[in-house]
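Colleague: To start, I am sharing the structure in question, which I have written as structure tokens.
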Amino acid sequence: MSTEPALLTDAAVPAPRPTNLFAGLARDWAVLFGAAVILVMIVIGVGAPFLGTVDPTEINPTFRNRVPGTEQTIRRADGTTATYRHWMGTDSLGRDVYSRVLYGARISLVVGAAAAAISIAIGLVIGLVAGYLRWLDGIVMRFMDGLMAIPAILLALAVVSLFRAGIVSVIIAIVVPEIPRVVRLVRAIVLSVREEPYVEAAIMTGTPTPLLLIRHVLPNTVAPLIVQGTFVCASAILLEAILSFLGVGIPPDTPTWGNIMAEGRGLFRVYPHNIFFPGLCLALTVLAVNMLGDGLRDRLDPKLAKRM
Amino acid sequence: MMSTAPVLDVQGLTVRLPAGADRRHAVENISFAVKPGEIVCMVGESGSGKSVTAHAIMGLLPREVSAIAGRVLLDGEDLMKKSPAALRRLRGDRMAMIFQEPMTALNPVMRVGEQIAEVLAIHSDRDEKARRGRVLDIIAAVQLPEPARLIDLYPHQLSGGQRQRIMIAAALVLDPDLLIADEPTTALDVTTQAQILRLIRALQQRRNTGVLFITHDFGVVAEIADRVVVMQEGRVVEEGAAASVLRAPRDDYTRMLIRAVPSLTPPARPPVTAAPVVLATKAMSKTFTVGGWFAGRHEVAAVKSVDLSVRRGETLGVVGESGSGKTTVARCIARLIAPSDGAILIEDTDVARLGTRALRPHRKRVQVVFQDPYRSLNPRRTVGEAIVEGPVNFGAPRPAAFARAQELMRLVGLAPDALGRFPHQFSGGQRQRICIARALAMEPEILIADEAVSALDVSVQAQVLALIDDVRRRFDLAVLFITHDLRVAAQICHRIAVMHRGEVVEEGPTVQVFGAPAHPYTRALFDAAPGKNFSFGVEQQTPPSS
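One line per chain: the protein sequences are B and Z, in this order. With the working numbering, letter number 183 in the first sequence gets 256, and the count goes up by one each step, no holes. With the working numbering, letter number 246 in the second sequence gets 1439, and the count goes up by one each step, no holes.
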């Protein structure tokens, strides 16, 4: 009379497992494009000294505002000469824009990655605790609502005037308003997962709360957080450029895409290349990160994809 | 039935599944017919192709699934040759469908009257006033109170039974020749189900509608069917008049299905009187506070002063409809939530007020098997990890815990070497076995089964019930068996407590409660049990040899 004849021998059900994540991702051209562009940017940032660049901060008053492709003859200390081609021209202080753009990739990527990692790490802990310990929830979430009301630019101005302008201040200014967004996401997931019978079963088997959160709740947040991380990363890259452009971010001698554009702003009509190249890199990078994030979201979190 | 031409005639219908499904065809070469004024019940277990058949007839198959052969004749016209536009004109007008879940089948942001009127607006050229009149008529016909007021309500303002009546009204408003009802009462309470079944029966007879009624419940079949079509894995294994299929099934599978339906007559069980009481609640109450900082607060009393006791080796059934508080009782006793008032005695310790830390040693003593086998195991962890989690939490060394887990797997009828597999590799019934093994790994004294067999097909249900009864005997467990299903309760429980609106209205030995229910609500509940006049679970007579 059994319809489960294979009881003792075998689990008869074939595995309807969702297809392999990475195999699926590799077929998604948006993800491929995003990942490829980001990889190129990382190579550029890391390998900047070896990609035919000169010192990005070196000022050359005799060779200012040259259009892309201009050649310069450099006389070395031993008397020999060499020609150097400014692929992207020079800025109003005679600095090589090509070198500055390549070195600028470092700042953008570091700010993007750091902002994403830090806001997710902090937001994850707060969100898990707020979602699971109900008595803390009200207090924490009202505080987060308050944080969300602070504009990033205002916060950046405050942080920079309190401490000193630099990459750490910029990251702080970007991370603080992002944390509540991550907290809300994690809390929402925890609230739904804690009702799952398998979590209740784990409570019944006496699993201590920290272990319960790590073992049964945390894995559910990984996929949405990867997706959220890419969006934080993209907006952080953009925000860093905005802050630098406004002069409240990273000091102007450091090559960042925002700084290069800020520097080129004055002569934009005559020498658009000063803004064009860093702007292009910025747009490409942000686009790539967003496309990667979209692709990951479709793959990891189909419900969210339908909603947005 | 009369020998009139059928409204629906399905001939050799085959529906192909997309590549990678567990079989090639959802349904294969099936044929059956529905005559006017006749209710044909299509019955089978999950995955047998019942719903696919209904959707194929309506032309509502998902894109990746397609009907590849056969004919579907509605009043003699082949629906499979119709264009999508022509099918759309027929749907609602000459054939209509009601679905299982009335909340999701109704548009939540549209008044219910408008939803019925929409059908009229699309398929007829009545003006608005005439439409309203027709809607009021049909709402009155489905026996809803105050049609003029009800017409302007939104679905969430109605109860489940009322919503299903609205669905029926929308389906019948144009007097279709064919009504397809896909598990229309499965989501409803038993008393509501009885009313809806009566309503469908009455309307269908008055209007001479042909009904294709899809269900997994043989009780419902016995209640409503003129003819029965039994499906198994996409094939029709048996078809015939209801009385003959139910009383003298020809096919082995049908026979197995009918035999697996638990009988409403409880078997004689010796009462457990000598064993000590391990679980007792004293005036236990639970009140939920709804509302927050700004919204007005109000209180909902889910459980009101409940006294229950279970002896070692005894099964106490808590039966009731949804909202009766039976699951809240279980969750309080398991201390997943704290009761608002009263005591929960596990042997002699009152655990009702214990904090997390003080509760920990008592956690082992009470274990729960939950309803949904698909959600009660963490999909990311192997079943072995699930079973050993508890013992390891309480200090058992992992190798010993795994060795014990292997024993338990064998005990619940699964292969011990399957411990390394993930939950999705098991069927629903197998997962429930794993959950039982996980509970037993804690060596509990009390096992709470919260609707533990409700999500399972009837044949699997019988096996899991037998397993629960077996482990109760083997480990001398006190079992608290929460269920809405009277048949299941009749078979497994020594004593029954009937809950209604948070209170225990009747309690006593199963035989007594089933034989002579004292409380009016209990009587109403038994009265509503589908197929109560038909005795299931006993050997049916053998088919005539001719």
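Here a beta-carbon is modelled for each residue, glycine too, at the ideal position from N, C-alpha and C.
Is DSSP giving B:THR154 helix, strand or coil here?
Modeller: DSSP places B:THR154 in strand when its eight states are reduced to three.
Colleague: Start and end of the beta strand (DSSP E) containing Z:MET1273?
Modeller: Element bounds for Z:MET1273: n/a, residue is neither H nor E.
Colleague: Just checking: is the beta-carbon of B:TYR271 within a distance shorter than 7 Å of some beta-carbon in chain Z?
Modeller: B:TYR271 counts as touching chain Z.
Colleague: I'd like to know whether the C-beta atoms of Z:PRO1460 and Z:PHE1707 end up nearer to each other than 7 Å.
Modeller: No.
Colleague: Counting only Cβ pairs nearer than 7 Å, list the residues of chain Z close to B:ILE217.
Modeller: Residue 217 of chain B is actually Met in this sequence, not Ile. Neighbours of B:MET217 on chain Z: none; closest Cβ ~16 Å, over 7 Å.
Colleague: Here's the rule: buried if 16 or more other CB atoms are within 10 angstroms of the residue's CB, otherwise exposed. What is B:HIS346?
Modeller: Under this definition B:HIS346 is a buried residue.
Colleague: Apart from the five residues just before and just after B:GLY331, which ones in its own chain have a Cβ nearer than 7 Å to its Cβ?
Modeller: Around B:GLY331: GLU313, ALA314, ILE315, LEU316, SER317, PHE318 and GLY322.
Colleague: Is there at least one Cβ from chain B nearer than 7 Å to Z:ALA1212's Cβ?
Modeller: For Z:ALA1212, the answer is no, since every Cβ of chain B falls outside 7 Å of its Cβ.
Colleague: Taking C-alpha atoms, which residue in Z:ALA1212, Z:ARG1597 and Z:GLY1285 lies nearest to Z:ALA1180?
Modeller: Past the boundaries of the shown model lies residue 1180 of chain Z; chain Z is included only from 1194 to 1739, so the question cannot be answered.
Colleague: Using the beta-carbon count (16 or more within 10 Å), is Z:LEU1450 buried or exposed?
Modeller: Per the 10 Å Cβ criterion, buried.
Colleague: If the criterion is Cβ atoms closer than 7 Å, does the pair B:ALA309 and B:VAL232 meet it?
Modeller: No. Outside cutoff.
Colleague: Leaving out five residues before and five after B:GLY186 in sequence, what residues of the same chain have Cβ atoms less than 7 Å from its Cβ?
Modeller: The question names Gly, but residue 186 of chain B is Ala in the sequence shown. Within the same chain, B:ALA186 has close Cβ partners CYS306.
Colleague: Hey, Z:GLY1433 and Z:VAL1421 are a contact pair by Cβ (cut 8 Å); roughly how many whole angstroms apart?
Modeller: Going by Cβ atoms, the distance from Z:GLY1433 to Z:VAL1421 rounds to 6 Å, so yes, they are a contact pair.
Colleague: By the criterion of Cβ-Cβ separation under 7 Å, what are the contact partners of Z:SER1569 in chain B?
Modeller: Chain B residues near Z:SER1569: PRO270, TYR271 and ALA274.
Colleague: Short check: CB of Z:ARG1356 to CB of Z:PRO1348, under 7 Å?
Modeller: Cβ distance < 7 Å, so Z:ARG1356 and Z:PRO1348 count as in contact.
Colleague: Given this structure, state the Cα-to-Cα distance separating Z:LEU1538 from B:MET364, to the nearest angstrom.
Modeller: C-alpha separation (whole angstroms): 58 Å.
Colleague: Spatial neighbours of Z:ASP1650 within its chain, please: C-beta separation below 6 Å, excluding the five flanking residues on both sides.
Modeller: Excluding sequence neighbours, Z:ASP1650 sits near GLU1238 and SER1239.
Colleague: Pull up the distance between the alpha-carbon of Z:ALA1418 and that of Z:VAL1328, whole angstroms please.
Modeller: Distance between the alpha carbons of Z:ALA1418 and Z:VAL1328: 28 Å.
Colleague: Check the Cβ-Cβ distances between Z:GLN1560 and every residue of chain B, and say whether any is below 7 Å.
Modeller: Chain B contact via Cβ: present.
Colleague: Quick one: is B:THR294 near chain Z, going by C-beta distance under 7 Å?
Modeller: Output row for B:THR294: interface = no.
Colleague: Is the separation between the beta-carbon of Z:LEU1601 and that of Z:LEU1570 shorter than 7 Å?
Modeller: Not a contact, by the Cβ cut-off of 7 Å.
Colleague: Is there a C-beta anywhere in chain Z that falls below 7 Å from the one on B:THR278?
Modeller: Yes, because at least one Cβ of chain Z sits closer than 7 Å to the Cβ of B:THR278.
Colleague: Cβ of B:HIS346 less than 7 Å from any chain Z Cβ?
Modeller: For B:HIS346, the answer is no, since every Cβ of chain Z falls outside 7 Å of its Cβ.
Colleague: Please go through the same chain and pick out, in chain order, the residues whose beta-carbon is closer than 6 Å to the beta-carbon of Z:TYR1714, but skip the five residues on each side of it.
Modeller: Here the set comprises HIS1693 and VAL1698.
Colleague: Whose C-beta lies closer than 8 Å to the C-beta of Z:ALA1655 among residues of the same chain, with five residues either side of it excluded?
Modeller: If we look at Z:ALA1655 and ignore the five residues flanking it on each side, its Cβ neighbours are ALA1453 and PRO1455.
Colleague: Using 8 Å as the Cβ pair cut-off and three pairs as the minimum, do the segment 1610-1628 of chain Z and the segment 1567-1585 of chain Z touch?
Modeller: The answer is yes - the segment 1567-1585 of chain Z touches the segment 1610-1628 of chain Z, with three or more Cβ pairs under 8 Å.
Colleague: What residues in its chain sit with their C-beta under 8 Å from that of Z:PHE1595, if we drop five residues either side in the sequence?
Modeller: Correct list, in chain order: GLY1577, VAL1581 and LEU1612.
Colleague: Mapping DSSP to helix, strand and coil, what is Z:THR1384?
Modeller: Looking at Z:THR1384 - three-state DSSP - the assignment turns out to be helix.
Colleague: Residues of the segment 1569-1598 of chain Z in Cβ contact with chain B at a cutoff of 7 Å, in chain order, please.
Modeller: Within the segment 1569-1598 of chain Z, the qualifying residues are SER1569, LEU1570, ASN1571, ARG1573, GLU1582, GLY1583, ASN1586 and PHE1587.
Colleague: Report the start-end ranges of each alpha helix (DSSP H) in the segment 256-316 of chain B that is 4 residues or longer and not cut off at the edges.
Modeller: Listed in chain order, they are 270-277 and 282-285.
Colleague: For a contact meaning CB atoms closer than 7 Å, what does B:HIS159 contact in chain Z?
Modeller: In chain order: nothing, as chain Z lies at least about 55 Å away.
Colleague: What is the DSSP secondary structure of Z:ASP1663, counted as helix, strand or coil?
Modeller: Residue state, collapsed to three classes: helix.
Colleague: Return the residue from the list B:ILE223, B:ALA274, B:SER265 and B:ARG288 that minimises the CA-CA distance to B:ILE247.
Modeller: Of B:ILE223, B:ALA274, B:SER265 and B:ARG288, the residue nearest in Cα terms is B:ILE223.
Colleague: Just verifying my parser: in three-state terms, what is the DSSP assignment at Z:LYS1519?
Modeller: It is helical.
Colleague: Just to check my reading of the structure: Z:LEU1343 and Z:ILE1332 have Cβ atoms closer than 8 Å, yes? What is that Cβ distance to the nearest angstrom?
Modeller: Indeed, because the Cβ distance is near 6 Å, the residues count as touching under 8 Å.
Colleague: Can you name, in chain order, every residue of its own chain whose Cβ lies under 7 Å from the Cβ of Z:MET1251, other than the five neighbours on each side?
Modeller: So the qualifying residues of the chain are ARG1284, MET1288, MET1290 and ILE1373.
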